[in-house]
Amino acid sequence: MRNTWELDPDRYFDPDPAQRRVARELYESVAGLPIVSPHGHVNPQLFADEDATFGTPAELLIIPDHYVFRMLYSQGIRLEELGVPRADGDPVEEDHRKIWQIFADNFYLFRGTPSGAWLMEELIDVFGIDRKLTGETAQEIYDELEEKLAQPAFKPRRLFERFHIEVLCTTDAASDSLAAHQAIRESGWSGTVLPTFRPDAVVNLLTPGWQANVRALGESVGYEINSYQRLVQALEERRSFFKAMGAKATDHAALTAYTNELTVDEAETIFARALQGAATAEDAGAFTGHMLMEMARMSVEDGLVMQMHVGSFRNHNPEVFARFGADMGADIPIMSEFTRNLHPLLTKYGNDSRLRLILFTLDEDTYSRELAPLAGHYPALRMGPPWWFHDSLNGMRRYFERIMETTGIYNTSGFNDDTRAFLSIPARHDVWRRAAANWVAGLVVRGLIDTEDAGSMVHALAYDLAKTAYKLTE
Amino acid sequence: MRNTWELDPDRYFDPDPAQRRVARELYESVAGLPIVSPHGHVNPQLFADEDATFGTPAELLIIPDHYVFRMLYSQGIRLEELGVPRADGDPVEEDHRKIWQIFADNFYLFRGTPSGAWLMEELIDVFGIDRKLTGETAQEIYDELEEKLAQPAFKPRRLFERFHIEVLCTTDAASDSLAAHQAIRESGWSGTVLPTFRPDAVVNLLTPGWQANVRALGESVGYEINSYQRLVQALEERRSFFKAMGAKATDHAALTAYTNELTVDEAETIFARALQGAATAEDAGAFTGHMLMEMARMSVEDGLVMQMHVGSFRNHNPEVFARFGADMGADIPIMSEFTRNLHPLLTKYGNDSRLRLILFTLDEDTYSRELAPLAGHYPALRMGPPWWFHDSLNGMRRYFERIMETTGIYNTSGFNDDTRAFLSIPARHDVWRRAAANWVAGLVVRGLIDTEDAGSMVHALAYDLAKTAYKLTE
Amino acid sequence: MRNTWELDPDRYFDPDPAQRRVARELYESVAGLPIVSPHGHVNPQLFADEDATFGTPAELLIIPDHYVFRMLYSQGIRLEELGVPRADGDPVEEDHRKIWQIFADNFYLFRGTPSGAWLMEELIDVFGIDRKLTGETAQEIYDELEEKLAQPAFKPRRLFERFHIEVLCTTDAASDSLAAHQAIRESGWSGTVLPTFRPDAVVNLLTPGWQANVRALGESVGYEINSYQRLVQALEERRSFFKAMGAKATDHAALTAYTNELTVDEAETIFARALQGAATAEDAGAFTGHMLMEMARMSVEDGLVMQMHVGSFRNHNPEVFARFGADMGADIPIMSEFTRNLHPLLTKYGNDSRLRLILFTLDEDTYSRELAPLAGHYPALRMGPPWWFHDSLNGMRRYFERIMETTGIYNTSGFNDDTRAFLSIPARHDVWRRAAANWVAGLVVRGLIDTEDAGSMVHALAYDLAKTAYKLTE
């Protein structure tokens, strides 16, 4: 006998019947709202071509998703066995049914994890799978997925529509031609897919391949970037191009939130060293801290929302990086600090409502200690949603409980799925909506708010705040 | 139709019926106890004059309360529009009905925040307002408040009595004449209002106006403070005066918990530099660290309870500080450390039961990591209650859950309201009593303690611990 | 009338009836499993001699247990009054009934603490005490305990059997002869008691008595340890001896998780300085960081599981240390960091499944920020259970909620009791099993997992993971 698989209609709600009843009502009032996805990493190429497909089940759900394969890797399964391409082009597993079998055999590892919950929800809700994924059912489920993926209804654009996505923002390098976005616009398709300006590859002097990145940026603007001032000029021009292409926001990843303004001479000196391949770690830190100030200035001028994602020690595992490259599940958070690091930036721009700066952290200790008080004071700040490892039921609970009493919900930004796994988008937003409804229901049953406020708060968390924080209403 | 407004009699309790029943019984056993307020910032002048009043509703609830106006400021409302006085005396909004209207229009920002809960409780319980504060009801509620505030029953002394306050401790500069306290004593009024000795303004060498503060201290003792040893002598004399005026405690705010003893020569050298206006940040840190040691010594000698509040980066927003001064909602917490920083002080005085040192933190990570183990070992230490941003339902829950298993409740200090908003005192203590009852009820329904212990614990948390920790029984 | 005392059969479960029902069923499915205790500090001598006894009730429950006497000390009770032996041999209280009376008079201090819960469970479940321990019942309970402790059924080996302990691992100095373990093996008794190799006393150059420790190690291998390379050789030989005596693991306590490889020359230079008594704090840090690398290398070679316990500032109270020595309840946690500190070790050995490195922290902020992502990626890593101050109901809840979504349970290691209090072992494991069942039940009632997975997860947490993590199945 095989286990049937189904989704609990009351999933993620607290078990207390009173709270659950309120949570369910609140959830139902927002469950059908369109999805607003203001930050993520879906490849726009999926929507540029009417006939694009998702490939095999392994290509869809395992090979490109570091959330998934890092868990298998942690238990000693080699990435080559999972078909993850090697940097040196050496062969890896090509039999996607074998890869799927390993995944199914080890699916128990995901018990109680958000990845497990999203995958289950994708298989049931998107593909109609009605039995539990195990080693035993692996191949028949593979058959079923393969058959579905070949149908027109499972092409990316059709799923975009079925998922009821109102807007999907991608993340794009500063030098990107945005050709895929151009193709989407010209195709006449009704879906809204917008670019986001992410200049890390040219701003962080120690990015592998920085010099090539700077050359590519130069090509995109038609002149050589041979000075700091040229870099600033190029970035301004590219922001303007992105904005013309519909971009609403920029995104900046940094190891720390350090900000500090350099003089033009200091910036030129560091940039010159970098062009010669001689930039130090200190140079890189100083330059990033300065460029964040510059990015805030540009946002004041052009109105693009500025996002900062800080605190990830990227590529912590040199062996995995050498063999497979970046984004391989080996990015590990570090302790973060915002109060002092952002002081220069906030001193200069924090009182200016033309700046909208959204902050993300991987160090939850900064929630109640630094970020909630900062976002609860400075007009320019908004708190971003729980990010990455904290995009989970407990992560959201901690976020609500440690942030909201100090910031109030109206200084937050709704939800980001931040995913490259397009199929997981509905599941991720559904977790957020359920978690938000459950948290607000907890306020109701504790007598903190009335049901009128509750309905309004859940609507804001599920939909409005993402739109207003990212200026998607403009 | 207007929304009626009422307080849920079971507010703040967990929804589970079994826990709620126990929580309610425990709460009811302490709800009527007098309020002990051993630390706060209420202006004693309110009670010095029999005829003092609270002014307009805006003067009572908005203009002086940075908890309230910082939230409005974070959403782009200028402090001038809220009537907050400018440092340069430039005009600000004087129409208090307009200020009240802005507040009411934006009262939704406080949904789910402790400020929102306190304000609602004040309006309902103190003033008998029976409908929700909104833009629409703003003016009629203003009328009602204004009418009430003009009545004798709403004068400060009458509310002090109605609130059933057993003792209220204020916070007073080392140079303060305590004239208001003297007037209260001489008035024959039965209320107990005690001063607290806070020497930060002369101990922290970088306080704006430090030299003037030192001069004022000199005037209060009748000799010039021209040396470190004179400073120590003056502080000893002033402590003695405060004690004679009923003070039970001192209070010390510092950026960090750093303690370290200097030689007299080192202290004199730094003090001399400070008198010349040449003290460095390093000097200030060293001097504060040394003076905390001295304050512990004096407490051993005179028996005054010593409070330390650390971890706030004061006046983080230079523009707001320049325009409006200190205490404007722009104090932001930083990461804190106690284990190493307090080591010198605890090595010297930690085993001495004559010292009673109560510790407060804005960095909740130090709860389970450092403060609970320290207070659970050193006889001189007591853990202070959740402070400032953490004086909230979730803040209290985290405090109970992260502190108590290691310290035990008898190494804690009950509750502090720490407020300058006199009207919020009953609401704040009520939240604490409910949160404490709910936490203890959680222990009962989980079989950890019996109901006899539970009753005793809730009584201790609601009343006894504050009295014993602050030596108010002596 | 005296209060009766009994254990709630549903203790530690959440009160919600639906969750409680599932939790109870899950708990009952594992309550009878044997106890696997892979890390602790029980004295093996207790089992070496068939006729060993536990002494008086005070010797059993108070005098040797710093969890217990530090709480009494924090309230001003002198350790001498509790019979804790002084380092200088000066007399301390010898009347164990008096000690017991002080303990009972102050037993209320333990309300809501894990120590209180364990003690209650020991008295009720092990000794059949049926009324509450208070000052009034102290002497009659003492009588009853004394009478029971004199019975054969209360000898250590009999309780080991009654407690259904499958395996108990002790912690032993590198130079230890393991005579007690040898005696156990030769006695023909069926109990499994295994040694664990802990070389801190010779690896940490600043350990009090380091030179004597090195001499003792030399004696255990039969040659003088006059160089770093001799030290490494000796440690390898001792590991080999421990392994032959049944050891499955090593254990390493360090102030921080710092790791970094020295050259042999650098290591020799530092070691030479240490032999001359001239090692600096910097030397000690560098040497410990290097030796952790060496220990990982040896574990790759000999297969012993490596445990790291970091973050305790030992002997924080110099007065208590001088008077009573180490392990006196004055060890205070500090902020910890793993992402950067472990980078050298993980770069070299983290991808090698032959290494099994189990990490413990006293800084819970590292749970979700660093340790869960690390253990959720590196094949060599497993996350250790909540440790010391966090071995409590709330500590476990935080552990489950902050670790598991990212690591998945299969990168964790089940439970350690880590205790020297043998009698508390069943109570501690019972808290874990109940807390685990309750947490998994919470996943079930929230629709995250099905009951089949739930049963399997609770079995893993209660039993399997400890066995596999510590290679006790081999």
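Residue numbers (my numbering), protein chains in the order written: chain X, 41 to 514; chain D, 41 to 514; chain G, 41 to 514.
All C-beta atoms, glycine included, are put in the ideal place defined by N, C-alpha and C.
Computed from a prediction, not measured in an experiment: that's the story for all the values here.
- Looking at the DSSP output, residue 347 of chain G sits in a beta bridge with G:291 and G:398.
- Rounded to the nearest whole angstrom, the C-alpha separation of residue 257 of chain X and residue 241 of chain X is 10 Å.
- Among the CB atoms of chain G, none fall inside 8 Å of the CB of residue 313 of chain D.
- Rounded to whole angstroms, the Cβ separation of residue 429 of chain D and residue 452 of chain X is 16 Å, and the two are not in contact under 8 Å.
- By the neighbour-count definition (other C-beta atoms within 10 Å, threshold 16), residue 59 of chain D is a buried residue.
- What residue 483 of chain G touches in chain X, judged by beta-carbon distance under 7 Å, is 152, going in chain order.
- Beta-bridge pairing by DSSP links residue 212 of chain X to X:237.
- Under a criterion of Cβ atoms nearer than 8 Å, the residues of chain G adjacent to residue 157 of chain X are, in order, 488.
- Non-local C-beta neighbours of residue 403 of chain G in its own chain, meaning closer than 7 Å and more than five positions away in sequence, comprise 351, 373, 375 and 376, ordered along the chain.
- From the beta-carbon of residue 116 of chain D, the residues of chain X found nearer than 8 Å are 393 and 419.
- Counting C-beta pairs closer than 8 Å gives three or more between the region 77-93 of chain G and the region 201-211 of chain G, which meets the contact rule.
- The beta-bridge partner set that DSSP reports for residue 373 of chain X consists of X:352.
- When C-alpha distances from residue 331 of chain D are compared across D:390, D:219, D:349 and D:268, the shortest belongs to D:268.
- Between residue 367 of chain G and residue 353 of chain G, the C-beta gap is not smaller than 8 Å, which leaves the two residues out of contact.
- Using a CB distance below 8 Å, no part of the region 450-475 of chain G faces chain D.
- Distance from the CA atom of residue 466 of chain X to the CA atom of residue 190 of chain D, rounded to whole angstroms, is 57 Å.
- As the crow flies, the alpha-carbon of residue 471 of chain X is around 13 Å from that of residue 498 of chain X.
- Beta-bridge annotation (DSSP): residue 421 of chain G is paired with G:397.
- At the C-beta level, residue 142 of chain G and residue 121 of chain G come within 8 Å of one another.
- According to the DSSP assignment, residue 339 of chain X belongs to the alpha helix (DSSP H) that extends over 321-342.
- Assigned with DSSP and collapsed to three states, residue 230 of chain D falls in coil, not helix or strand.
- Here DSSP, grouped into helix, strand and coil, assigns residue 171 of chain D to strand.
- Distance between residue 333 of chain X and residue 506 of chain X, taken at the CA atoms: about 24 Å.
- Under the DSSP assignment, residue 142 of chain D falls in the alpha helix (DSSP H) whose first and last residues are 136-145.
- Residue contact with chain X for residue 379 of chain G: present (Cβ-Cβ distance below 8 Å to some residue of chain X).
- Put simply, of G:298, G:113, G:83 and G:177 the residue whose alpha carbon is nearest the alpha carbon of residue 212 of chain G is G:83.
- Between the region 358-365 of chain G and the region 111-131 of chain G, the count of Cβ pairs shorter than 8 Å is three or higher; the stretches touch.
- Between residue 52 of chain X and residue 478 of chain X a beta carbon distance of about 6 Å is seen, short of the 8 Å cut, so the two are scored as contacting.
- Against residue 429 of chain D, the close residues of chain X are 408, 409, 412, 413, 416, 445 and 446, in the order they occur along the chain (beta-carbon pairs closer than 9 Å).
- Interface criterion met: the Cβ of residue 497 of chain D is under 8 Å from a Cβ in chain G.
- For the region 243-270 of chain G, the beta-carbon criterion of a distance under 7 Å to any beta-carbon of chain D is satisfied by none of its residues.
- Look at the region 348-364 of chain X: the residues with a C-beta under 9 Å from a C-beta of chain G are 351, 353, 356, 357, 358, 359 and 360.
- Residue G:152 holds the alpha-carbon nearest to the alpha-carbon of residue 492 of chain D among G:152, G:99 and G:260.
- Under a criterion of Cβ atoms nearer than 8 Å, the residues of chain X adjacent to residue 53 of chain D are, in order, 486.
- Contact between residue 113 of chain X and residue 417 of chain G holds, with the beta-carbon distance rounding to 7 Å and staying under 8 Å.
- The C-beta of residue 266 of chain X has fewer than 16 other C-beta atoms within 10 Å across all chains shown, which makes the residue exposed.
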